[in-house]
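Encoded as structure tokens, the structure appears first; notes follow it.
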Amino acid sequence: MLGVENVETENGCSRQVLSAADAPEGLDWRAVWQLTSMSLGIGLFAIPYCFLLLGYVQAAFLVVVMGLLANTALQRLLDISLAHDTASYEALAELAFGRAGKVAMTVITMITTTIATLSYLSASKGLLVSVAIAFLVDVDVNVNHDAAGNPIQVEVLGRTQSVVVLFFLVCMVSPMLLSRSMGDSAWISAGGVFSISLSALFFVGSCLAVLAGGCKKEPCHPAPPALAGSAAEILQYMATLAFSFSMVFALFPVLADRAAQRSLAGAVKILRPAVRMSISFSVSIYLLVGFMGVLTFGTDT
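Structure follows, in structure tokens:
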């Protein structure tokens, strides 16, 4: 049987939770998807461009190094959380910087997550419209040509229409965004990771088909550089790659959900392998998409 211990809550009551020593073993895949969903998005398909501008060897090295650094940082955050018996960004900021730090962390978290959410919704709006038109009228709005045969991009929605659609999407997701718990929305994380991973597999499959078919035109795509990029470009695209490991924004909400079901120590114990798996999965898919994209399309990536 699982061990049980009494834990005193903030209001002076006590409740029973699973003890850390007897927390169930095994990988918490639900936590893996929740952590990964904060990093794995439509920006995945910008990775090949980073590999081109930085050189595929240098870019791959940076992805691996940043993955290791991200894992180290998240594991140390779990250590700090356990040492101070808290599962909240705001509480840790208050311990480090006082009340002003708690307020600052709250504001930073709200601004960061709001910007990220609006970016995702804006991308979703464009994809939703493009897919709907392609499905209903069999027209690719991204591939059209003028009278001279030059490629042009069709504007489907005007400025006002775009704002209306974006506002509608925000209204749809707001109830879930206002929830402090990620547990009830775990299916969104799993679905998001699955859909992006499936898209990545289709992308890799198309790259393999192109590579198998060989060069169809002259001249062929020039080979991508192994090392490239000015100092400014390296710093810029290092930041792009670093943002690809933003699972830190989900760490404490996921930790709080697990701590509500067992002791904080048990929750930390469960999250450690989930963090490692999330980062390993992200690094693997970034390397796969980056290498396949840049090797297939060369300098035309």
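Numbering (UniProt numbering), first residue to last: 1 to 301. No residue lacks a Cβ here, since even glycine has one placed at the ideal position from N, Cα and C.
Tell me whether the beta-carbon of residue i lies closer than 8 Å to the beta-carbon of residue j.
{"i": "L92", "j": "L251", "result": "no"}
{"i": "A200", "j": "I285", "result": "yes"}
{"i": "L255", "j": "L271", "result": "yes"}
{"i": "V63", "j": "F203", "result": "no"}
{"i": "S296", "j": "C207", "result": "The amino acid occupying residue 296 in the given sequence is Thr; Ser does not appear at that position. Yes, the Cβ-Cβ distance between T296 and C207 is below 8 Å."}
{"i": "L27", "j": "M277", "result": "yes"}
{"i": "P48", "j": "G205", "result": "no"}
Where do the N-terminal and C-terminal ends of the alpha helix (DSSP H) with residue i fall, by residue?
{"i": "L78", "result": "Y56 to H84"}
{"i": "S37", "result": "W29 to S37"}
{"i": "S97", "result": "Sequence check: residue 97 is Phe here, not Ser. From DSSP, the alpha helix (DSSP H) with F97 extends over Y89 to F97."}
Hey, residue i and residue j are a contact pair by Cβ (cut 8 Å); roughly how many whole angstroms apart?
{"i": "Q75", "j": "V275", "result": "7 Å"}
{"i": "T299", "j": "L52", "result": "7 Å"}
{"i": "T106", "j": "E90", "result": "6 Å"}
{"i": "A73", "j": "A259", "result": "Not a contact, Cβ separation roughly 20 Å."}
{"i": "W33", "j": "V193", "result": "5 Å"}
{"i": "C50", "j": "L287", "result": "In fact, because the Cβ distance is near 12 Å, the residues do not count as touching under 8 Å."}
{"i": "F291", "j": "Y56", "result": "6 Å"}
The segment 64-74 / the segment 220-230 touching (three or more Cβ pairs under 8 Å): no
Secondary structure, alpha helix (DSSP H): runs of 4+ residues fully inside the segment 212-298: 231-242, 248-259 and 264-297
The segment 207-215 in contact with the segment 35-47 per 3-pair CB rule at 8 Å: no
Stretch-stretch touch, CB-based, cutoff 8 Å, three pairs: the segment 255-267 with the segment 82-92: yes
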